Amino acid sequence: MFKFASPIFLVLLLLVPLYLFWYFRKTKGQGASIRYSDLNLVRRLRPSTTLKLRHSLVLLRALGLSLLILALARPQSGRKSIDVETEGVDIMLVLDISGSMRAEDFKPHNRLYAAKGVIRDFIADRTSDRIGLVVFSRQSFTQCPLTLDYGVLLSFLEQVDFGMIEDGTAIGLSVANAVNRLKDSNAKSKVIILLTDGVNNAGEIDPLTAAQLARTFDIKIYAIGAGKPGVALYPVDDPLFGRRYVPLQVQLDEESLRKIASTTKGRYFRAKDTEGLKRIYEEISALEKTEIKVKEYMQFSELFGYFALYGFLFLCLELILANSKFRRIP
Numbered sequence: 008m009f010k011f012a013s014p015i016f017l018v019l020l021l022l023v024p025l026y027l028f029w030y031f032r033k034t035k036g037q038g039a040s041i042r043y044s045d046l047n048l049v050r051r052l053r054p055s056t057t058l059k060l061r062h063s064l065v066l067l068r069a070l071g072l073s074l075l076i077l078a079l080a081r082p083q084s085g086r087k088s089i090d091v092e093t094e095g096v097d098i099m100l101v102l103d104i105s106g107s108m109r110a111e112d113f114k115p116h117n118r119l120y121a122a123k124g125v126i127r128d129f130i131a132d133r134t135s136d137r138i139g140l141v142v143f144s145r146q147s148f149t150q151c152p153l154t155l156d157y158g159v160l161l162s163f164l165e166q167v168d169f170g171m172i173e174d175g176t177a178i179g180l181s182v183a184n185a186v187n188r189l190k191d192s193n194a195k196s197k198v199i200i201l202l203t204d205g206v207n208n209a210g211e212i213d214p215l216t217a218a219q220l221a222r223t224f225d226i227k228i229y230a231i232g233a234g235k236p237g238v239a240l241y242p243v244d245d246p247l248f249g250r251r252y253v254p255l256q257v258q259l260d261e262e263s264l265r266k267i268a269s270t271t272k273g274r275y276f277r278a279k280d281t282e283g284l285k286r287i288y289e290e291i292s293a294l295e296k297t298e299i300k301v302k303e304y305m306q307f308s309e310l311f312g313y314f315a316l317y318g319f320l321f322l323c324l325e326l327i328l329a330n331s332k333f334r335r336i337p
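Sequential numbering of the sequence shown, starting at 8, is according to the working numbering.
Put into structure tokens, the structure is as follows:
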């Protein structure tokens with residue numbers, strides 16, 4: 008983009024054509040009077056290059072003055088710049104990997120396999136958010152700390168499987184672990200997404216105590232209870248008869264999960280199948296939007312120096328030629 012910072016000076020450009028008009032009107036018909044004894048001598052004379060270019064000096068002067076006037080108007084060249092500021096959300100994913108997650112009421116395979124697939128899609132849809140992963144059964148540990156490197160996070164997610172920790176369900180301990188990862192964060196929003204299919208039966212920390220701790224640090228918890236109501240089939244590897252399926256009653260402490268969510272001003276969701284789980288994560292993703300601020304502004308650079316330089320050069324050239332090659336003898 009090109010503009011003039013002081014366009015009022017452009018009015019002075021009107022003086023240049025007026026000056027040229029005055030000059031050519033003044034010099035029209037003017038010339039030196041020299042007497043010759045023989046007209047044939049005059050006919051054989053050819054006008055010199057200097058004579059042909061005698062008006063070039065005034066054109067140089069007009070060009071130089073025009074450039075100086077343009078310099079006074081402060082020509083500027085600019086380009087549009089866009090500043091994108093993002094304020095991401097810090098999210099800790101808390102995933103139950105206890106034996107009950109083997110239940111095959113979620114497809115494909117089982118609850119844990121389905122949860123990993125849904126979490127992969129959730130991560131892929133986020134931008135500029137730091138995301139971490141805590142896994143738990145009887146104990147809890149951080150599988151991946153908060154990171155913007157989603158490739159690393161997905162790699163750690165793929166490694167999650169049964170048998171990493173002794174069996175059990177330490178919901179309170181896992182939430183406290185996630186809170187510890189988020190408590191020093193300066194993000195505008197801090198979130199824990201807890202996915203479990205059981206009842207707290209391990210760990211030294213009560214789930215509600217952990218929720219109150221999260222509230223202290225302004226951390227919101229979205230709690231997801233996984234499992235269809237009633238009975239679900241669990242695979243059992245029998246050394247004699249191979250794999251068989253045992254129907255077991257689904258035990259999910261929804262009341263505690265609701266209290267965990269409400270204590271932190273979060274929400275509780277019940278996922279009865281894989282599609283339901285996908286919708287829940289999509290809804291949470293929509294609730295926790297990354298704030299993106301876009302600022303547009305123009306950056307201008309001054310060009311008056313170039314115009315002034317060339318203007319003075321043309322005037323100096325006109326002055327040099329007027330006193331050398333085009334010098335007039337009275």
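Yeah, the Cβ is synthetic: ideal placement off N, Cα and C, and Gly gets one too. The structure presented is a predicted model; accordingly, all values stated were derived computationally and were not measured.
Taking C-alpha positions only, Ile178 is separated from Thr203 by approximately 8 angstroms. The three-state reading of DSSP puts Asp132 in helix, counting H, G and I together. Out of Phe113, Ser144 and Leu160, the CA that lies nearest to the CA of Asp136 is found in Leu160. Among the bridge pairs identified by DSSP, Thr149 is matched with Val141. With a contact defined as Cβ atoms closer than 8 angstroms, Val125 and Gln150 miss out at about 16 angstroms. Following the DSSP letters along the chain, one finds Phe314 inside the alpha helix (DSSP H) bounded by residues Phe311 to Ala329. Glu325 is classed as buried because its beta carbon has at least 16 other beta carbons within 10 Å across all chains shown. Shortest Cα-Cα distance from Tyr288 to any of Arg68, Arg81 and Val101 involves Val101. The beta carbons of Arg145 and Gly175 sit closer together than 8 angstroms. Going by beta carbons, Lys195 and Glu295 fall outside the 8 angstroms limit.
Residue state for Ile200 is assigned as strand, using DSSP reduced to three classes. Each of Ser269, Leu20 and Phe113 was checked against the Cα of Lys235, and the nearest Cα belongs to Phe113. The criterion of a C-beta distance shorter than 8 angstroms is not satisfied by Ala233 and Arg127. Residue environment: Ser292 is assigned as buried (16 or more neighbouring CB atoms within 10 Å of its CB, all protein chains considered).
Under the three-state reduction of DSSP, Glu211 is assigned to coil, being neither helix nor strand. Thr281 has its alpha-carbon roughly 10 angstroms from the corresponding atom of Tyr120. Taking C-beta separations shorter than 8 angstroms and ignoring five residues to either side along the sequence, the partners of Leu17 in its chain run Phe11, Ile76, Leu77 and Ala80, following chain order. Going by beta carbons, Leu264 and Ala230 fall inside the 8 angstroms limit. Just so you know, the alpha carbons of Ser84 and Phe311 end up roughly 10 angstroms apart.
Here Glu309 has Arg81 and Gln83 as same chain residues with Cβ atoms under 7 angstroms from its own Cβ, once five neighbours each way along the sequence are excluded. DSSP, read as helix, strand or coil, puts Gly234 in coil. In this structure, Gln219 sits near Thr270, with a CB-CB distance shorter than 8 angstroms. Under the criterion of beta carbons closer than 8 angstroms, Ile130 and Leu180 do not qualify as touching, at roughly 24 angstroms.
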